[in-house]
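Protein chains in written order, with UniProt numbering: chain L, 1 to 361; chain P, 1 to 361.
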């Protein structure tokens, strides 16, 4: 195998490793330490199973476990209670027990649903994340947020539940459609913007290499993003405070996703546009300078992400943002940028929010 | 108010009090310390809301919170994903936020579903248990097990999630149908049998007082049962070992419930019959003496609980018990009795299990 990097998420008895490298899905030795019981259920989707299902099953074969596979329909539109129940049906149908390990093979939707199923099945069974998209490698597979959408709000139903390990195979990104690659770069940009001005500059310098799926650049982006997110999560596992900064661009972004119907825009696309809106609001409220806003917008454009928001109507945006999990008693909380590496969380006057919405469409 | 007893469940930062006494539902002061946010959602059912809904809403009124009520259909048959989703619909419809407190007003089904909804809504909101049946007062509202049924198995989907407080109003038992009272006494008998020979003798001596809904006897039964369960749970919150003893009678009992269809027998009725079967198996395997078995059966009969199992067929019983959460790789684990106050957890030879099933019908 090529060079593998490991980032550890320090969460005491729930600590776990993130292994990052090329062609890791086929490596038996990476899975062996994390599978204690006699059976494994792989949860994947109709797109990913034909690409990597056999590689994973071949890697598991030498372990002598009973392996079954659940293949779900692909897409954010299926991240709901009905699809979740398909996982439970399969687990009970194959007599999965409390020691059965679930393996999430796919992107963020598969990871979020499989993690939530693992949290709930028999009140908790172990699971391993094998993220196959850039977005899930840099973001959704790190930190233990699991869940499903509700027609009235994204990720409204879920659990904090940590995996045994994350195995992020950079090689899997070779088959990723360009639109999904861009969606992943959005979360990389977010991570740099909120937490590390040096990493943000690195992204500005390397965005073309990332667009071109250059392995060294991708590995570095995944490693730095995971390190930053792991550090934030280790300080605030259950989002009592600090962790909310990871939601930069997500308040507007979730509204776009829910307003258009899940799956219309990719999550990362909505976050890209949401960051443009959050930066606009940050400037209007006097927290961020115009030059920094422009740098952020420029790199979002360079990553081929959308910067114009869909015309849902201002009142619909407000309504959707009021059900955001950060809102309290209907008061929306925004994650705003002061400078690269420094954020604040605050309510905002209606006039400025409306101005941002009007400017964004 | 009359005399109130408080049992504390010692779980570190998740510790909580169980208040036991007559006419507690109407007491504002019991709720006030446990409601931090601006809104409360009461989850109850069509039977309990007309009886105690107004009393609870009147108790909450002086706190100045926004109070909404979700009224679910009544019965174990509704303890499923579809009904759970009605709670989420209501929470999102009323814009419940991360600080909204859920109050479970009802029996075990309402408590289990409300607790699970609280565990999952926005990945966790606070909740208070107000159990209105004897079964939920002595058992299901203590210990943080929450969840729903799956057609293939009882309580298969859920979470360990502790309430802020339990308010067990003995007065509410006055309206309890005799069949439900008996079902609650089954869990009282179970608690004495597995953990405390002295309490078991007390139950033998007081079973008629309990059948007659005598308040002093009920308060004592609730207090002793909660103390014992709280002690077990404090030692093993997530059922790594010891806690499984609380499942005495439940391996057979869950099979009866799932096999007949949820709601046909009450949970406590199935546990009553399941204890008869577990005691029979305990004698067959040489762990328990016949005289103790007879004492257990006698008190179950005295509590007007069923002792003959429904004729599901032996292979169906085995199949249903193999999906029990304690089973591993299809091997069923039984909680057996050695003497009152002492249990063991073990697999059993097929011949003896079949003999018990044959004898039970």
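The beta-carbon is built from N, C-alpha and C at its ideal position, and this holds for glycine as well.
Roughly how many angstroms separate the alpha carbons of residue 134/L and residue 125/P, rounded to a whole number? 31 Å
Counting only beta-carbon separations shorter than 7 Å, does residue 336/L have a partner in chain P? no
Where residue 39/P falls: helix, strand or coil (DSSP): strand
Mind checking if residue 340/L is an interface residue toward chain P, Cβ cutoff 7 Å exclusive? no
Give me the DSSP bridge partner(s) of residue 343/P. 337/P
Beta-carbon neighbours of residue 35/P, restricted to chain L and to distances below 8 Å: Chain L residues near residue 35/P: none, gap ~14 Å exceeds 8 Å.
Would you please verify whether the beta carbon of residue 362/P is less than 7 Å from any beta carbon of chain L? The question about residue 362/P has no answer here: the residues shown for chain P are numbered 1 through 361.
Exposure label - residue 339/L; buried when at least 16 CB within 10 Å: exposed
Taking 7 Å as the CB-CB cut-off, is residue 290/P touching chain L? no
Short Cβ contact (7 Å threshold) for residue 143/L with residue 233/L: yes
Nonlocal neighbours in the same chain, by C-beta distance under 7 Å from residue 55/P, ignoring five residues either side: Only 25 and 26 meet the Cβ criterion.
Rounding to the nearest angstrom, what Cα-Cα distance links residue 240/P and residue 313/L in this structure? 52 Å
Alpha carbon to alpha carbon, what distance is there between residue 10/P and residue 231/P? 8 Å
Using 8 Å for Cβ pairs, my map puts residue 38/L next to residue 65/L. What's the rounded Cβ distance? 6 Å
Helix, strand or coil for residue 270/P per DSSP? helix
Residues of the region 147 to 172 of chain L whose Cβ lies closer than 7 Å to any Cβ of chain P, in chain order: 147, 150, 152, 153, 156, 157, 158, 159 and 160
Relative to the C-alpha of residue 173/L, which candidate in 86/L, 206/L, 52/L and 226/L has its C-alpha closest? Of the candidates 86/L, 206/L, 52/L and 226/L, the one whose C-alpha sits nearest the C-alpha of residue 173/L is 52/L.
Interface residues of the region 308 to 329 of chain L facing chain P [CB-CB below 7 Å]: 322, 323, 325, 327, 328 and 329
Can you list, in chain order, the residues of its chain with a C-beta nearer than 6 Å to that of residue 331/L? Leave out the 5 residues immediately preceding and following it. 347
Helix, strand or coil: which one does DSSP assign to residue 354/L? helix
When the Cα atoms are used, what is the spatial distance from residue 216/L to residue 336/L? 31 Å
Would you call residue 260/L buried or exposed, if buried means 16 or more other Cβ atoms sit within 10 Å of its Cβ? With fewer than 16 other Cβ atoms from the protein chains shown falling within 10 Å of its own Cβ, residue 260/L counts as exposed.
Whose CA, out of 225/L, 280/L and 324/L, lies closest to the CA of residue 293/L? 280/L
For residue 68/L, which beta-bridge partners are listed by DSSP? Residue 68/L is bridged by DSSP to 41/L.
I'd like the span of the alpha helix (DSSP H) that includes residue 321/P, first residue to last. 314 to 322
Provide the residue span of the beta strand (DSSP E) that contains residue 215/P, from first to last. Per DSSP, residue 215/P belongs to no beta strand (DSSP E); it is in the alpha helix (DSSP H), 215 to 235.
Look at the alpha carbon of residue 41/P and the alpha carbon of residue 69/L, and state the distance between them as a whole number of angstroms. Rounded to the nearest angstrom, the two C-alpha atoms are 39 Å apart.
Measuring straight from C-alpha to C-alpha, what distance separates residue 274/L and residue 317/L? 12 Å
Give me whichever residues DSSP pairs with residue 8/P in a beta bridge. Residue 8/P has 17/P as its beta-bridge partners, per DSSP.
Does chain P have any CB closer than 7 Å to the CB of residue 293/L? no
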